[in-house]
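Peer 1:
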Amino acid sequence: MTMNSKTVSNVKQGGKGTGLHNSLVYIRQHWQLYVIFMMPALLLTLIFKYAPMSGILIAFQDYNPFKGVSGSEWVGLKHFTRFLSSPDFMRYLVNTLKLSVYSLLWGFPVPIILALLLNRIQSAGIKKKIQLVLYLPNFVSVIVLCGIVRIFLSVTGPVNLLMGTDINFMTMPEAFRSIYIISGIWQGAGWASIMYTASLSNASQELREAAVMDGANILQQIRAVEWPAIKDMVVIQFILQAGNIMSIGFEKAYALQTDLNLPASEIIATYVYRKGLIDGDYSFSTAVGLFNTVINVILLLVVNKIVAKMNDGQGI
Amino acid sequence: MNKKKITRYSGQDKALLTIGYILLGLFVIAIIVPMVYIIVASFMDPITLQNKGITFDFSKWTATAYERVMTNGQIWIGFKNAVIYSVVFTVVSVVVTLLAAYPLSRADFRGKGFFNVIFIITMFFGGGLIPTYLVVSNLGLVDSMWAVILPGAFSVWNMTIARTYYRGIPQELREAADVDGASELTFFFKILLPVCTPVIAVLVLWQFVAMWNSYFDAMIYLNDSAKQPLQLVLRSILIQNQPESGMIADMQSTAARAQLAELLKYATIIISSLPLLIMYPFFQKYFDSGIMAGAVKG
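Just so you know, the protein sequences line up as chains A and B, in that order.
Just so we're on the same page, my numbering is the position in the first sequence counted from 1, plus 16.
Just so we're on the same page, my numbering is the position in the second sequence counted from 1, plus 1197.
1. Checking the sheet assignment: what are the DSSP bridge partners for D78(A)?
2. Could you check how far apart the C-beta atoms of F1405(B) and T1294(B) are, in whole angstroms? I think they sit under 8 Å.
3. Would a check of beta-carbon distances place T1177(B) closer than 8 Å to chain A?
4. Specify the secondary structure class of V1288(B) as computed by DSSP and reduced to three states.
5. Can you tell me the Cα-Cα spacing of F1386(B) and R1307(B), whole angstroms?
6. With 8 Å set as the bound, which would you pick, yes or no: does the beta-carbon of L15(A) sit closer than that to a beta-carbon of chain B?
7. With a cut-off of 8 Å, does the C-beta of K28(A) fall near any C-beta of chain B?
8. Can you tell me whether L316(A) sits near the ligand FMN, meaning its C-beta is under 7 Å from at least one heavy atom of the ligand?
9. What's the C-alpha gap between K1462(B) and N1269(B)?
10. Taking the alpha helix (DSSP H) that R1265(B) belongs to, which residues open and close that run?
11. Give the range of the alpha helix (DSSP H) segment to which F162(A) is assigned.
12. Taking M326(A) as part of the alpha helix (DSSP H), name the residues at either end of that continuous run.
13. Can you tell me where the alpha helix (DSSP H) holding Q1497(B) begins and where it ends?
14. Mind pulling the chain B residues with CB within less than 8 Å of Q48(A)?
15. Which class does V1339(B) belong to by DSSP, given the choice of helix, strand or coil?
16. Any beta carbon from chain A within less than 8 Å of Q1247(B)'s own beta carbon?
17. Using Cβ-Cβ distances below 8 Å, what residues of the segment 193-212 of chain A are close to chain B?
18. Between the Cα of F64(A) and the Cα atoms of A1304(B), L1336(B), A1373(B), I1236(B), which residue gives the shortest distance?
19. If you measure from the beta carbon of S119(A) to each beta carbon in chain B, is any gap under 8 Å?
20. Looking at the secondary structure, which residues open and close the alpha helix (DSSP H) in which W1258(B) lies?
21. Roughly how many angstroms separate the alpha carbons of G1495(B) and T1357(B), rounded to a whole number?
22. Indicate whether the contact test is met: 3 or more Cβ pairs, each with one atom in the segment 1235-1243 of chain B and one in the segment 1450-1468 of chain B, closer than 8 Å.
23. What residues in its chain sit with their C-beta under 7 Å from that of Y1282(B), if we drop five residues either side in the sequence?
24. Looking at chain A, which residues of the segment 1441-1460 of chain B have a Cβ within less than 8 Å of any of its Cβ atoms?
25. Quick one: complete alpha helix (DSSP H) runs, 4+ long, within the segment 1411-1476 of chain B?
26. Measuring CB to CB, does Q237(A) end up less than 8 Å from A245(A)?
27. Confirm, please, whether the CB-CB distance from F307(A) to F168(A) is below 8 Å.
28. May I ask which residues mark the beginning and end of the alpha helix (DSSP H) holding M179(A)?
29. Between which two residues does the alpha helix (DSSP H) holding R98(A) run?
30. Just the Cα atoms here: how many angstroms apart are I197(A) and S86(A)?
31. For a contact meaning CB atoms closer than 9 Å, what does N184(A) contact in chain B?
32. Are the C-beta of L1500(B) and some C-beta of chain A separated by less than 8 Å?
33. What would DSSP say about M188(A), mapped onto helix, strand or coil?
34. Taking C-beta pairs closer than 7 Å, name the residues in chain A that S1207(B) reaches, listed in chain order.
35. In this structure, how does DSSP classify K83(A) when only helix, strand and coil are distinguished?
36. Relative to the C-alpha of L133(A), which candidate in L1213(B), S1450(B), W1273(B) has its C-alpha closest?
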């Protein structure tokens, strides 16, 4: 093992057994842990996560890319006021919230139900085959998924052929959320059920046998045997998803947008992109993004508090 | 496992189970039917497809859609780029993640709290789109593949999963290595990693699929069409309705071009989705063990 000269020189001979001293000795002995193991991750984090955080300053400026942060004019909360007082603000906020809250409410129970049903299937072979199919859509890309949705729902597409109609679903704002949520369940529910299936495999077999002996019906069995096995997972998943309500993804919403369904499909994430990178309004876009992030952090903390209260002090 | 099969369901239970299985069956059908439809439709001729949808009259099937898509250069450029980006991203990301997880998995590691805080903050708070774009652009990475690879390469979430998995490895292994005087690196690569195959397999699969299927970073950072990955090529064909020029240029009327463009979408979907759909069942055996490793609270 070669010695790192810098850390060696930091460790003075004859130092007392202080915490700092011990740490330095430890670092010298285990320098590989810092230089080889931690360094790459730390550098990536500092460059691509922390450096952008300092870029948030431009939300309080009229940022000019040619002048840089130091040369641009400071404008305080101008962009925040502009966004919060514009009629668009409410619409995009509501669109974002509706899309993610409805996605959560409709989508959250489906994987749990799938896992409970899969767990009841006695034949391992059939179960495996069904899982193979259920997981399949997860490997279809967002673009292909949205491409399929657009083809199937187009005026000349199979859905209209089947119904003998010519409805252009993709141009209807009122259809957007249903399309988004249903296609989301189609794609993700099977994959999300893995977590619950895996948790269910830890369900106590004795407990189940005892429950069956006692003549418990299926619902009672689920309550006594299966629910305790998946409860923690359900709580964790719910916190994670509820906490991320404001960070609903850009990619799918953007790929399902058409000019005509924008009244329902423009969410904060797509708006940030449009204002920032299409219109080049860097400062305004950053302000909107920051607003979104802050709300998201608050939401996460609140949800975590609530769940902790309901779950005997156990949050995440 | 000796699962005792005690299945004496009451009438009410049977009804409940039947409803449940019907729903499960419907879900499975809802996945299979569209996929079969797309496969069959990709072999139709454009006019039949528009007027009648699909037919199972095999004599009328044709592979013209595939010929047109596969002779188009842009699709293959997209494939090539997607393979390069996904492989490089997976290697970089999994290596960095596995490395960082190791010190953090050790009880004696000094500075664990500091690193944890640094990393966890990034899970909740970030600079957002424009500040990140400006950093990447200031580093001169626009139109470079590193712009899509580096920013997301270290995933705190995946690191947590790997760390949890390491912690489940018996302590005796570590002690045996200490006795042999193995360095950290030797222990890590020769002893620890070989017993972590399930979690490595899952991370590899996740990162590969994530990069293969993503388009946002490529859309904002890669303008040069020679550098675009498959998903961006697909986007112009499937979402923006702009088939690559060579694909339909020979058709005379606008209507014929539109019909053909519609048909080509089906073949494009099949060709582009096939690699992952074929690959994934080989990873299935790792799903449960690997994913559970990460699902347990770290």
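Don't be surprised by glycine CBs; every beta carbon is placed ideally from N, CA and C.
In this text the structure is predicted, and so the values were computed from the model without any measurement.
Peer 2: So, from the data block:
1. As a working mapping, residue 78(A) is identified with position 62 in the first sequence. In the DSSP output, where bridge partners are listed per residue, D78(A) has E89(A).
2. For the purposes of this step, residue 1405(B) is identified with residue 208 of the second sequence, where counting begins at 1. For the purposes of this step, residue 1294(B) is identified with residue 97 of the second sequence, where counting begins at 1. Going by Cβ atoms, the distance from F1405(B) to T1294(B) rounds to 13 Å, so no, they are not a contact pair.
3. This structure gives no information on residue 1177(B), because the portion of chain B shown stretches from 1198 to 1495.
4. If you number the second sequence from 1, residue 1288(B) lands on position 91. The answer is helix: DSSP assigns V1288(B) an H, G or I state.
5. The residue given as residue 1386(B) occupies position 189 in the second sequence. The residue given as residue 1307(B) occupies position 110 in the second sequence. Their backbone Cα atoms lie some 21 Å apart in a straight line.
6. Nothing about residue 15(A) can be reported from this structure: the residues present for chain A run from 17 to 332 only.
7. Counting from one through the first sequence, the residue named residue 28(A) turns up at place 12. At K28(A), the pLDDT of 42 sits below 50, so the modelled position is not reliable and the matter cannot be decided from this model.
8. In the structure shown, the ligand FMN is absent, as is every other ligand, since no ligand is present at all.
9. The sequence position of residue 1462(B) within the second sequence is 265, counting from 1. The sequence position of residue 1269(B) within the second sequence is 72, counting from 1. Going by the C-alpha atoms only, they are around 13 Å apart.
10. Taking the first residue of the second sequence as 1, we reach residue 1265(B) at position 68. Run containing R1265(B): 1261-1267, per the alpha helix (DSSP H) assignment.
11. Translated into the one-based positions of the first sequence, residue 162(A) becomes position 146. In the sequence under discussion, the amino acid at residue 162(A) is Cys, which differs from the Phe named in the question. For C162(A), the enclosing alpha helix (DSSP H) stretches over residues 158-169.
12. Stepping through the first sequence from its first residue, residue 326(A) is reached at position 310. 298-326 is the span of the alpha helix (DSSP H), which, as asked, contains M326(A).
13. Outside the displayed range of chain B (1198 to 1495) lies residue 1497(B), so it cannot be described from this structure.
14. As a position in the first sequence, residue 48(A) is number 32, starting the count at 1. Under the 8 Å cutoff, chain B gives S1380, E1381, L1382.
15. Against the second sequence, residue 1339(B) aligns to sequence position 142. Reduced to three states, the DSSP call for V1339(B) is coil.
16. Taking the first residue of the second sequence as 1, we reach residue 1247(B) at position 50. So, interface residue.
17. W202, A205, G206, I210, M211
18. Here residue 64(A) is taken as the residue at index 48 of the first sequence, counted from 1. Minimum Cα distance to F64(A) is reached at L1336(B).
19. Counted from its first residue, the first sequence places residue 119(A) at position 103. Answer no: the Cβ-Cβ gap between S119(A) and chain B never drops below 8 Å.
20. Residue numbering aside, residue 1258(B) sits at position 61 when the second sequence is read from its first letter. For W1258(B), no alpha helix (DSSP H) encloses it, and the DSSP letter there is neither H nor E.
21. In the second sequence, residue 1495(B) corresponds to position 298, counting from 1. In the second sequence, residue 1357(B) corresponds to position 160, counting from 1. Model confidence at G1495(B) stands at a pLDDT of 33, short of 50, so the residue's coordinates are unreliable; what they give is reported in the following sentence. Going by the C-alpha atoms only, they are around 7 Å apart.
22. The segment 1235-1243 of chain B makes contact with the segment 1450-1468 of chain B; the number of CB pairs closer than 8 Å reaches 3 or more.
23. On the second sequence, residue 1282(B) is found 85 positions in, with the first residue counted as 1. Here the set comprises M1342, V1345, I1346, M1408, P1426.
24. E1459
25. 1413-1418, 1427-1431, 1442-1445, 1451-1476
26. Taking the first sequence and counting its residues from 1, one reaches residue 237(A) at position 221. Taking the first sequence and counting its residues from 1, one reaches residue 245(A) at position 229. The answer is no: Cβ separation not under 8 Å.
27. Against the first sequence, residue 168(A) aligns to sequence position 152. Against the first sequence, residue 307(A) aligns to sequence position 291. Not a contact, by the Cβ cut-off of 8 Å.
28. The residue you call residue 179(A) lines up with position 163 of the first sequence. Here the alpha helix (DSSP H) through M179(A) covers 174-179.
29. Taking the first residue of the first sequence as 1, we reach residue 98(A) at position 82. Residues 94-101.
30. Reading the first sequence from its first residue, position 181 is the one you call residue 197(A). Reading the first sequence from its first residue, position 70 is the one you call residue 86(A). Their backbone Cα atoms lie some 44 Å apart in a straight line.
31. Start at 1 with the first residue of the first sequence, and residue 184(A) comes out as number 168. Under the 9 Å cutoff, chain B gives no residues; its nearest Cβ is about 13 Å from N184(A).
32. Outside the modelled stretch of chain B, which goes from 1198 to 1495, sits residue 1500(B), for which no answer is possible.
33. Here the question's residue 188(A) lines up with position 172 in the first sequence. Residue state, collapsed to three classes: coil.
34. Working through the second sequence from its first residue, we reach residue 1207(B) at position 10. Within chain A, the residues near S1207(B) are N233.
35. To locate residue 83(A), count along the first sequence from 1; it is residue 67. DSSP, reduced to helix, strand and coil, places K83(A) outside both helices and strands of the structure shown, so it counts as coil.
36. Working through the first sequence from its first residue, we reach residue 133(A) at position 117. Taking each of L1213(B), S1450(B), W1273(B) in turn and checking the Cα distance to L133(A), the smallest one comes out for L1213(B).
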